[in-house]
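Here the structure is laid out as structure tokens; the discussion comes afterwards.
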Amino acid sequence: MLEGKLLIGGKWLSCERKFESLNPATGEVIGRACLAGNKEVTDAVEAARFAQESWKKTDLSERARIFIRIGDEILKRKQKLKTLITLEMGRPLFESEIEVLKTSEMVKYFANEGKTFLEGDAIPISPDTFSFTRLEPVGVVGVIKPWNYPLLLPFWAIAPALIAGNTVVLKPSDLTPFVGIEIGKICQDAGVPEGVINIVTGDGITGECLVRSDIDMVSFTGSSETGKNIMKSSAEKLHRISLELGGSDAFIVFKDADIEEAINGAVWGRFMNCGQVCVSPKRIFVEDGIADSFIEGFVNKTRSLVIGKGLEPGTDIGPMVSMEQREKLELQVEDAVRKGAVIECGGKIPLSLQDGYYYEPTVLTGVNHEMRVMNEEVFGPVAVISVFENMDEAIALANGTVYGLGSSVWTKNLDTAMRMSSHLECGMVWVNEICTLHPQCPWGGIKHSGMGKDLSRYGIREFVSIKHVNINLGNEKTRPWWFPYGRG
Ligand code: NAD
Numbered sequence: 000m001l002e003g004k005l006l007i008g009g010k011w012l013s014c015e016r017k018f019e020s021l022n023p024a025t026g027e028v029i030g031r032a033c034l035a036g037n038k039e040v041t042d043a044v045e046a047a048r049f050a051q052e053s054w055k056k057t058d059l060s061e062r063a064r065i066f067i068r069i070g071d072e073i074l075k076r077k078q079k080l081k082t083l084i085t086l087e088m089g090r091p092l093f094e095s096e097i098e099v100l101k102t103s104e105m106v107k108y109f110a111n112e113g114k115t116f117l118e119g120d121a122i123p124i125s126p127d128t129f130s131f132t133r134l135e136p137v138g139v140v141g142v143i144k145p146w147n148y149p150l151l152l153p154f155w156a157i158a159p160a161l162i163a164g165n166t167v168v169l170k171p172s173d174l175t176p177f178v179g180i181e182i183g184k185i186c187q188d189a190g191v192p193e194g195v196i197n198i199v200t201g202d203g204i205t206g207e208c209l210v211r212s213d214i215d216m217v218s219f220t221g222s223s224e225t226g227k228n229i230m231k232s233s234a235e236k237l238h239r240i241s242l243e244l245g246g247s248d249a250f251i252v253f254k255d256a257d258i259e260e261a262i263n264g265a266v267w268g269r270f271m272n273c274g275q276v277c278v279s280p281k282r283i284f285v286e287d288g289i290a291d292s293f294i295e296g297f298v299n300k301t302r303s304l305v306i307g308k309g310l311e312p313g314t315d316i317g318p319m320v321s322m323e324q325r326e327k328l329e330l331q332v333e334d335a336v337r338k339g340a341v342i343e344c345g346g347k348i349p350l351s352l353q354d355g356y357y358y359e360p361t362v363l364t365g366v367n368h369e370m371r372v373m374n375e376e377v378f379g380p381v382a383v384i385s386v387f388e389n390m391d392e393a394i395a396l397a398n399g400t401v402y403g404l405g406s407s408v409w410t411k412n413l414d415t416a417m418r419m420s421s422h423l424e425c426g427m428v429w430v431n432e433i434c435t436l437h438p439q440c441p442w443g444g445i446k447h448s449g450m451g452k453d454l455s456r457y458g459i460r461e462f463v464s465i466k467h468v469n470i471n472l473g474n475e476k477t478r479p480w481w482f483p484y485g486r487g
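Given below as structure tokens:
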């Protein structure tokens, strides 16, 4: 049984109230972590504030060196990290390993490129006037993250924030507190100074305490609903905020696409991580004429997927993360069926896997935008497929949602690809590709999917204030536009 503590000012401290982390594959308790309240959050923010004074003065090359070591520490602990991720949130070990490798790659990317990204600009004005910009840290950043990529997503914020000279208080998800705690140990072992990273485990109320505390910025990834609450609370203090929220991405297949490739991409995109991915293709649209063969191929491939424990070799799909998430999914499917959707396969809890929070990979057809599965985010292994007649209809259907995270388009026609990428209302468009992630490419949505960018040169800019400095090197005693007016 694991016992979790809080990391505050470089020390691991216990607190009175605890909560349990469960293994979603069995429902068994993995460990007990601290449930931080207002006092612990305030202490962590104070420690971060104190540490920021010296951290922001640390040479950028030293900050970068620490992050190269963090990247190495992550790789050294690959086995332990992937096992812990799978234990706490259920997904197959193979997928957890990819998360570990991607985290190390991204951390090193910011370590290597940070110096260039944080360069200011020299701005020519006149021979006697010199302007330039300085990119300064924002201060103390509250980092609040979800459970679905419990190692990668915290580091998406921690790496650029710390390299830019901020300090951090991290609130990991209440479903994956022990991965969050491991982040603190990795940072300590790599030489991050005391107080530069602090970790407060806890629930939504802990997150709320952090948002209302004396921080300067919130970097949030999670549901759109929580994002809106955070925005409201942040308005009180005018914190800077970056919000990466939910999505209901469209996956649009034109007649001229490679159908086999599109089916393989759609099945993987929709069911990896048990369908619990922000950019998973949650609404699939197929052009009339190929719909029957696409649906047949998609259903056959879905039926071949192996459900089981994430720790067991050969598993394609693990359990959902919690009973609550599964119950929400069941209600969404029930609503669709009541309104006329057809279950092509799946649609129930597997008989052989009654312990844990499993749900069969499911395909629904005959869906429309009156159904919850089409107008809410579906965060589980349910694919919904509908048919379109032409490009205009595909665009209207794809944009017919409050979300605007990503989309993918499947076509061999460059003109179609370019027109779709221009008309789709979202932050990312993949063409003949799905859900790829590169540290050098910006990540983030529009509409109810959030604001701000992660990753790339744009991602690190979220964590700096741009100061403009204007220096007059001339000798004039006055200016033509100064007082007195009209007498010169
Ligand atoms: P969630 O909103 O329930 O929780 C996210 C985090 O916020 C958790 O740490 C939680 O404890 C905390 N929290 C909850 N209520 C809070 C409050 N009132 N104030 C402050 N913090 C609070 O989301 P989740 O279920 O953990 O994650 C799934 C969601 O995340 C999905 O909607 C998914 O699409 C989204 N997501 C988005 C991206 C992206 O890049 N856009 C990436 C991953 C996940």
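The opening residue of the sequence shown carries number 0 in numbering that gives the first Met the number 0; numbering runs sequentially from there. Glycine included, C-beta positions come from ideal geometry on N, C-alpha and C.
For ligand 1, is there any heavy atom lying closer than 7 angstroms to the beta carbon of residue i?
i      : result
ASN37  : no
THR225 : yes
ASP213 : no
GLU72  : no
LYS144 : yes
LYS170 : yes
ASP202 : yes
PHE177 : no
ASP248 : no
THR415 : no
GLY449 : yes
GLY274 : no
LEU152 : yes
TYR356 : no
PHE378 : yes
VAL401 : no
TRP442 : yes
GLY206 : yes
VAL167 : no
THR220 : yes
ASP188 : no
GLY245 : yes
LEU21  : no
ASP127 : no
VAL210 : yes
With DSSP run on the structure shown, which of helix, strand or coil describes residue i?
i      : result
LEU244 : coil
ALA35  : coil
ARG68  : helix
PHE284 : strand
PHE270 : helix
ARG16  : coil
GLU98  : helix
ARG211 : coil
THR200 : coil
VAL276 : coil
ILE289 : coil
LYS10  : strand
ALA382 : strand
VAL40  : helix
GLY30  : strand
THR175 : coil
SER491 : One cannot answer for residue 491 here, as it falls past the ends of the chain, which runs 0 to 487.
VAL106 : helix
ALA189 : coil
PHE250 : strand
ARG90  : coil
Can you tell me the Cβ-Cβ gap for residue i and residue j, rounded? I've got them flagged as a contact below 8 angstroms.
i      : j      : result
MET88  : THR175 : 6 angstroms
PRO318 : PRO23  : 4 angstroms
PHE129 : ILE394 : The pair is not a contact, with the Cβ atoms about 48 angstroms apart (cut-off 8 angstroms).
GLY221 : LEU244 : 7 angstroms
CYS273 : PRO380 : 5 angstroms
GLN275 : VAL320 : 6 angstroms
ILE459 : PHE116 : 5 angstroms
VAL401 : LYS446 : 6 angstroms
ALA121 : ILE67  : Not quite, the Cβ-Cβ distance comes to about 29 angstroms (not below 8 angstroms), so this is no contact.
How about residue i: is its Cβ closer than 7 angstroms to a heavy atom in ligand 2?
i      : result
ILE229 : Among the ligands present in this structure, namely ligand 1, ligand 2 is not found.
Should the region 282-293 be called in touch with the region 332-341, which here means at least 3 C-beta pairs below 8 angstroms?
No, because fewer than three Cβ pairs between the region 282-293 and the region 332-341 fall closer than 8 angstroms, the two stretches do not touch.
query: Which ranges does the alpha helix (DSSP H) cover as unbroken runs of at least 4 residues, wholly within the region 120-170, from first to last along the chain?
result: Qualifying alpha helix (DSSP H) stretches, in chain order: 151-162.
Considering only residues of the region 304-371, which uninterrupted beta strand (DSSP E) runs meet the minimum length of 3 residues and lie entirely inside it, listed in chain order?
Whole beta strand (DSSP E) segments, 3+ residues: 341-344 and 361-364.
Mind pulling the alpha helix (DSSP H) runs of 4 or more residues that sit fully within the region 398-486? For the region 398-486, whole alpha helix (DSSP H) runs of length 4 or above, ordered along the chain, are 413-422 and 455-460.
Quiz prompt | Contact between the region 159-170 and the region 54-63 (3+ Cβ pairs under 8 angstroms) | solution = Cβ pair count under 8 angstroms is three or more, so yes.
Evaluate contact between the region 68-78 and the region 200-208, counting only Cβ atoms and requiring at least three cross-stretch pairs below 8 angstroms. Short answer: they don't touch.
TODO: Report yes or no: do three or more beta-carbon pairs, one from the region 421-437 and one from the region 136-144, lie closer than 8 angstroms?
DONE: The answer is no - the region 136-144 does not touch the region 421-437, with fewer than three Cβ pairs under 8 angstroms.
request  = Would you be able to state if there are at least three C-beta pairs under 8 angstroms between the region 18-34 and the region 183-195?
outcome  = In short, these stretches do not touch, since the Cβ pair count stays below three.
Check: Would you call the region 247-258 and the region 402-409 touching, i.e. three or more CB-CB distances under 8 angstroms?
Finding: Short answer: they touch.
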